[in-house]
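**Q**
There are 2 protein chains.
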Amino acid sequence: MAGSRAPTLSAIAGEAGVSVSAVSKVRNGGTDVAADTRARIARLLRQHGYQVASQTGFAVADLLIGCLDSPWSEELIRGAVEAAAEAEVSVIVTTVSSPAGFARWLDRASRRGTGGALCVLQLPGSQELQRLAAARIPLVVIDPPEEPGAAIRSVGTTNWQGGMQATRHLIELGHRRIGVIGTEAVWSGRARLAGYRAAMLEAGLDVDERMVRHDGLTAAGGRAQARRLLALPDAPTAIVAGNDSQAFGVLQALAERGLRAPLDVSVVGFDDVPVASWATPALTTIRQPLAAMAAAAFRMLSGDLAAVADEPHHLELATSLVIRDSTAPPRGR
Amino acid sequence: MAGSRAPTLSAIAGEAGVSVSAVSKVRNGGTDVAADTRARIARLLRQHGYQVASQTGFAVADLLIGCLDSPWSEELIRGAVEAAAEAEVSVIVTTVSSPAGFARWLDRASRRGTGGALCVLQLPGSQELQRLAAARIPLVVIDPPEEPGAAIRSVGTTNWQGGMQATRHLIELGHRRIGVIGTEAVWSGRARLAGYRAAMLEAGLDVDERMVRHDGLTAAGGRAQARRLLALPDAPTAIVAGNDSQAFGVLQALAERGLRAPLDVSVVGFDDVPVASWATPALTTIRQPLAAMAAAAFRMLSGDLAAVADEPHHLELATSLVIRDSTAPPRGR
DNA sequence: AGCCCGTTTCGAAAATTATTCGAATCTCAC
DNA sequence: GTGAGATTCGAATAATTTTCGAAACGGGCT
């Protein structure tokens, strides 16, 4: 019965046949203790209900997300949590949507301690970076909204190639009038749009600027811009969306007009969130390995701080085209 | 230049004009210190880079989720994180899918400390409950898979009423042949199916057992069972799904047969996950206030342990019918 | 082998921090 | 006013952490 409250360290020291100092050192991850001695003491400590600080690594890491309402986040969280679990680390999830919120988080984090922060789709300002550095909290940014400076480590995907893959896929199916919906607000969005332009150029197709629409990366944004595209006199036969949410919006706009994908208009999304395969029709999309990104970011965090100089500061994981049922050759081909 | 390393407590005691004992007591949330004295000392401690244990409450709470791949989890996480942030508490998210995983979590949690655990869709076994109690970790179960005993606090929704609301809505639209897909595997699933039966009974309609299908709460499960329902000689004109994922699967099965919702078959989901409104057609569904559930569960956790005896042990939040575009009167009415 | 020098491991002593406990003060009902 | 009980505080004591020197070890060199 482990009920009786923790015996003193000196009692344990006696039982282990070592000095109290040794026990204390083991208890909080100090150096100066041989491996076998440490193991023996640690076992006794644990037996008596003490916590033993793990000699290496950290206990918790923070995941900071702007907003938790896209299916996006879910997979990121999963990737981070699973990679962390392997390293016996717990992941704290926080939503941060303002500098004030960031300050509150930082306050809590430095109070309780953290092994580092993974920041999603947010680039802390220079003031915040300073405060992070002062608190000695390492940082890795996932899908940075701006091209990150050399001082910040980040993980992203090959957005430019992704935009290109999506567009090229449609061109290969025979589409010529291809609309695109995206956003200029974030770096990855600009890269995707640039990929679209590159693919069109590569195929010798002119980019009709009326076919290039910008809006938020939401279903509502996709719906609004798809309506405009479909109202054009020479409406596109295919639409590249800025992400899967927008693609869902495009499907809605099609349904409103009594059009069907892929018969009337082909649609390509971006992200491959789990629900993409549940859509009707199942969405052809560009897969971002979100879980792998989060895992990679976590490993960057835990990577030896000394080895940081060698490691790459920006890692880009590859996107891939996932062909499902929302794309087909244009009518009359 | 807060660089110079932490001065000793006695230095700070001098500066504050109190004894070292007082400073030590403030540093780790001890009693025996007047509020104003405590405030003065705490400010100095923080100024010198010490962490000050919050006198009341806890710093982190744990959210345990079986699997993170339904959009379900997302909203739960959001609810828990936001309720926790208000209380200056951080939320640790962990996926736990086996007793071994639970043990690993418990190990980590007791090592780093936690204010309590929110368990989603999982009811710890009695052995695990014992270990939780031994570690003095309070527990609240969200959407318990079995009727929880009186010893366990839990938060759920009015699943029986929800199943009834869904079915009644279809009956009111004029449907008579109504299929249902659900699961007997969890308590909430059984309650929803019972709600369906109750609504049919109430309306004086017989339940055709071929119309009652069981399968996993996934899009694949919904698709498989919808195919069977649609293949019946007298196929249903409306289908109640066990959750939104299953409803998506039903929509897929309809599309396969060239049928459209709600023209040919009406579909009702359950949960109202964010993507429900993105579907084509936007899904009529029973709303579970997932975020509110998580928030309520969190508040149960942080509720004064002394007051626990008075508090209810099982809280049920109300479901509500959200009518969108996937339901309509049956053909020919 | 014998010696030197740097490294590792350990515990005694010193420094620091936590807890106990009795005294001083305060509160409030009568 | 008075006394019972609660609150606040710090001196003394207990416990823990850190420092630092000594012992033990491991080669490289002569």
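Read top to bottom, the protein sequences are chains A and B.
Each residue of the first sequence is one higher than the one before, starting from -4 at the first, in my numbering.
Each residue of the second sequence is one higher than the one before, starting from -4 at the first, in my numbering.
All residues carry an ideal CB built from backbone N, CA and C; glycine is no exception.
Find out if the Cβ-Cβ distance for the pair Ala233/B, His170/B is shorter than 8 Å.
**A** Yes, these two residues count as a Cβ contact at 8 Å.
**Q** Looking at Val84/B: is its Cβ nearer than 8 Å to the Cβ of Val55/B?
**A** yes
**Q** Identify which residue in His164/A, Arg131/A and Cys114/A has its Cα closest to the Cα of Pro143/A.
**A** Cys114/A
**Q** Given this structure, state the Cα-to-Cα distance separating Ile173/B from Ala286/A, to the nearest angstrom.
**A** A straight-line Cα-Cα distance of about 39 Å links Ile173/B and Ala286/A.
**Q** Give me the residue from Gln220/B, Thr3/B and Gln241/B with the minimum Cα distance to Ala271/B.
**A** Gln241/B
**Q** Kindly indicate which three-state DSSP category Val150/A falls into: helix, strand or coil?
**A** strand
**Q** Could you name the residues that DSSP lists as bridge partners for His164/A?
**A** Per DSSP, none; premise fails for His164/A.
**Q** Rank Gln220/A, Gln122/A and Asp259/A by C-alpha distance to the C-alpha of Leu348/A and give the top, closest one.
**A** The structure shown has nothing for residue 348/A, since chain A only spans -4 to 328.
**Q** Need the endpoints of the alpha helix (DSSP H) that Leu224/A sits in, please.
**A** Ala214 to Ala226
**Q** Distance check for Arg38/B and Leu246/A, CA to CA, integer angstroms please.
**A** Computed Cα separation, rounded: 56 Å.
**Q** Is the separation between the beta-carbon of Arg282/A and that of Ser315/A shorter than 8 Å?
**A** In this structure, Ser315/A lies closer than 8 Å to Arg282/A by Cβ.
**Q** Is it buried or exposed, Ala301/A, if we count other Cβ atoms within 10 angstroms and call 16 or more buried?
**A** With a pLDDT of only 42 at Ala301/A, under 50, the local geometry of the prediction cannot be trusted, and the value read off the model is given with reservation. When all chains shown are included, Ala301/A counts as exposed.
**Q** Measuring alpha carbon to alpha carbon, tell me which of Ala189/A, Leu168/A, Gly253/A and Pro228/A ends up nearest Thr279/A.
**A** Leu168/A
**Q** Would you mind sorting Ala214/A into buried or exposed? The rule is 16 or more other CB atoms within 10 Å of its CB.
**A** buried
**Q** Can you find a C-beta in chain B that's less than 8 Å from the C-beta of Asp266/A?
**A** no
**Q** Rounded to the nearest angstrom, how far is the Cβ of Ala189/A from that of Phe265/A, given a contact under 8 Å?
**A** Not quite, the Cβ-Cβ distance comes to about 13 Å (not below 8 Å), so this is no contact.
**Q** If we count the other Cβ atoms within 10 Å of its Cβ and call it buried at 16 or more, is Arg131/B buried or exposed?
**A** exposed
**Q** Mind checking which residues open and close the alpha helix (DSSP H) that includes Glu10/A?
**A** Leu4 to Ala11
**Q** Straight-line CA distance for Leu224/A to Thr178/A?
**A** 15 Å
**Q** Cα-Cα, which of Met288/B, Ala313/B, Val317/B and Gly74/B is closest to Gln156/B?
**A** Ala313/B
**Q** Between the C-alpha atoms of Leu59/A and Ala290/B, what's the straight-line distance to the nearest angstrom?
**A** 19 Å
**Q** Taking only beta-carbon atoms, is Asp64/B less than 8 Å away from chain A?
**A** yes
**Q** Beta carbons nearer than 9 Å to chain B: which residues of the stretch 270 to 295 of chain A have them?
**A** Val270, Ser272, Trp273, Ala274, Thr275, Pro276 and Ala277
**Q** Label Leu134/B either buried or exposed according to how many other C-beta atoms from any shown protein chain fall within 10 Å of its C-beta, with 16 as the threshold for buried.
**A** buried
**Q** By DSSP, does Glu311/B sit in helix, in strand, or in coil?
**A** strand
**Q** Would you say Pro139/B and Leu118/B are within 8 Å of each other, going by their C-beta atoms?
**A** yes
**Q** So what does Cys114/B bridge to, in DSSP terms?
**A** Leu59/B and Val136/B
**Q** Taking Cβ to Cβ, would you say Ala235/B is nearer than 8 Å to Val175/B?
**A** The amino acid at residue 235/B is misidentified as Ala; the sequence shows Val. Cβ distance < 8 Å, so Val235/B and Val175/B count as in contact.
**Q** Which residue from Arg103/A, Arg106/A, Thr109/A and Ala146/A puts its Cα closest to that of Leu124/A?
**A** Ala146/A
**Q** On the three-state DSSP scale, how would you describe Ser329/B?
**A** The structure shown does not extend to residue 329/B, since chain B is modelled only from -4 to 328, so the question has no answer here.
**Q** Can you name the residues of chain B whose CB is closer than 8 Å to the CB of Thr89/A?
**A** Val76, Ala80, Ser85 and Val86
**Q** Should Asp31/B go down as buried or exposed, given a rule of 16 or more other Cβ atoms within 10 Å for buried?
**A** exposed
**Q** Please classify Gln220/B as buried or exposed, where buried requires at least 16 neighbouring CB atoms within 10 angstroms.
**A** buried
**Q** Report the CB separation of Gly237/B from Gly184/B in whole angstroms; it is logged as a contact under 8 Å.
**A** 6 Å
**Q** Measuring CB to CB, does Ala63/B end up less than 8 Å from Arg252/A?
**A** Correcting the residue identity first, residue 63/B is Leu in this sequence and not Ala. Note that the C-beta distance between Leu63/B and Arg252/A is not below 8 Å.
**Q** Ends of the alpha helix (DSSP H) at Thr32/B?
**A** Per DSSP, the unbroken alpha helix (DSSP H) holding Thr32/B starts and ends at Ala30 to Gln42.
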